[in-house]
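As you go down the protein sequences, you meet chains U and R in turn.
Numbers given in the working numbering equal positions in the first sequence, counted from 1, plus 493.
Numbers given in the working numbering equal positions in the second sequence, counted from 1, plus 11.
All C-beta atoms in this analysis are idealised placements derived from N, C-alpha and C, irrespective of residue type, glycine included.
First the structure, in the form of structure tokens, and then the observations on it.
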Amino acid sequence: MREINSEKIKEVVKKLCIEANCHLPQDMKARIDECRECEKWAPAQEILDRIIENYGIADKNNVPICQDTGVACVFLEIGQDVHVLGDIKEAVNQGVREGYTEGYLRKSVVKDPIDRVNTGDNTPAMIYYDIVPGDELKITVAPKGFGSENMSQIKMLKPSDGLQGVKDFVLKVVEDAGPNPCPPIVVGVGIGGTFDKAAYLAKKALMRPVNVRNNEKFYADLENELLDMINALGIGPQGFGGKTTALAVNIEKMPTHIAGLPVAVNINCHVTRHKTEVL
Amino acid sequence: MEKRITTPLTREQARELKSGDSVLISGVIYTARDAAHKRLVELVKQGKELPLDIKDSIIYYVGPTPAKEGQPIGSAGPTTSYRMDAYSPTLIEQGETGMIGKGKRNAEVIEAMKKHGAVYFGAIGGCGALLSNCVTKAEVIAYEDLGAEAIRRLEVKDLPVVVIIDSEGNNLYETGRNKYLESLNK
């Protein structure tokens, strides 16, 4: 049994909250730069230039890339040979509390969805626990903005809807979203499982770097095909027209019931942020 | 074409701005998001005075990050506008002539814009670090309890926006996309 102190977890979560919000991951930067090179429509080029300028300013000045510093989604992959000393959930929330306060990040969480009073410190985090083999603890902090989260959808397709039904639904979600989620977007797709697992997979898909395709060829090809279809819609950066509507489509899938074909689409913006550290 | 405006923005000036125009805004603008809009519209319904000068005003849909020492404001890009659709027609009726946000608006908002003379500007979503450079001064003037959602009086210099929907209802989200798609067939 390897022991990890919850104080260490708190410190790492705090640091990751600040770093994730101020520094866009390298894969995202490279992909945006690449799309700028391929974009031929002048108004779209201009917006991509501003987006590139913006992440540069955030890097240089250590300020949030976007004012929506999100709800803190925290993924914990806990090795089964790890023993955490202290309260792991409280450690994560304390890390978020300190990170969002000391990092000058926006507090965007309300305590009750109807009553809507701000908690004042961006807690609670949305925590996803996974038990894995080994004696390490992997922590990923992904601040999730709600302009794009609000444009996400889930549908329980029929098995007879098949692959075509999946493609149609993904395109419908992107079309419905239009300019709202700050395109160019990253599209996370979860296929299979149950109602809730499909949504989880879609979120999990957004954690994969945009330059890494699904490790099964069928789904890697589907990711490329859907990306081409989305980028033929013409929505473009900010919805003013252009090729660059999406930067990537990431799909995760799992087994499901004989009667079902759940599909969830979790949209993320051009500020798709996440940072990971392994303890 | 690129235009420069200095607030206040009269209804006549608002009517001169056309969908697709690039505009640099200077002067005083106000911030308000969901919660502040709800309170403002409640005040209007009760016939009470608003905490800001709504006549010929521009409201920016933004909840900034906290300012670091020595800075007037933190990152300050636009939030998605459709959440304000339920409230905007009332504020336009009260004299608001400009809204800055991102994303679609509903038919009621566009009708109110046409009827009274108002424009809907888009700022680049997700570029809060860049846009904050245009804010020279920020001050909370109402609803401090709302934190990031409080109403702020901002002084801005050359804030870059685009007219998405003009006072005739022309919509850049439709025309821009169509022009791009047509260009592919040429």
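- Under the Cβ distance rule, serine 86 of chain R counts among the residues neighbouring chain U, one pair being separated by less than 9 Å.
- Of the candidates U/Val575, U/Leu569, U/Gly563, U/Tyr597, the residue whose Cα lies closest to the Cα of glutamate 80 of chain R is U/Tyr597.
- Scanning the segment 41–86 of chain R for uninterrupted beta strand (DSSP E) segments of 3 residues or longer gives 69–71, listed from N- to C-terminal end.
- The beta carbon of aspartate 608 of chain U sits no closer than 9 Å to any beta carbon of chain R.
- Note on geometry: alpha-carbon atoms of tyrosine 154 of chain R and asparagine 514 of chain U lie some 26 Å from one another.
- Interface with chain R (9 Å Cβ-Cβ cutoff): phenylalanine 733 of chain U is included.
- If you ignore the 5 residues before and after aspartate 169 of chain R, its C-beta comes within less than 7 Å of the C-beta of Leu35, Ser37, Cys145, all in its own chain and listed in chain order.
- For cysteine 145 of chain R, the closest Cβ of chain U is not nearer than 9 Å.
- At a cut-off of 3 residues, the continuous stretches assigned as beta strand (DSSP E) that sit fully inside the segment 582–640 of chain U are 619–625, 630–637.
- Residues of the segment 652–681 of chain U with a C-beta less than 7 Å from any C-beta of chain R: Gly671, Pro672, Asn673, Cys675, listed in chain order.
- At a cut-off of 9 Å between beta carbons, tyrosine 621 of chain U makes no contact with chain R.
- In this structure, proline 89 of chain R places its C-beta atom within 9 Å of the C-beta atom of isoleucine 111 of chain R.
- Runs of beta strand (DSSP E) with 3 or more residues, each lying fully within the segment 98–176 of chain R, are found at 109–112, 130–133, 146–153, 162–176, listed in chain order.
- Counting only residues of its own chain and dropping the five nearest sequence neighbours on each side, leucine 578 of chain U has a CB closer than 8 Å to the CB of Glu496, Ile497, Asn498, Ser499.
- At a cut-off of 9 Å between beta carbons, asparagine 643 of chain U contacts chain R.
- Residue contact with chain U for lysine 197 of chain R: absent (no Cβ-Cβ distance below 9 Å to any residue of chain U).
- Scanning chain U for C-beta atoms nearer than 8 Å to the C-beta of serine 194 of chain R yields Trp534, reported in chain order.
- In the DSSP assignment, cysteine 566 of chain U is bridged to U/Met619, U/Ala635.
- Segment contact: the segment 667–675 of chain U against the segment 649–658 of chain U, fewer than three CB-CB distances shorter than 8 Å; contact not assigned.
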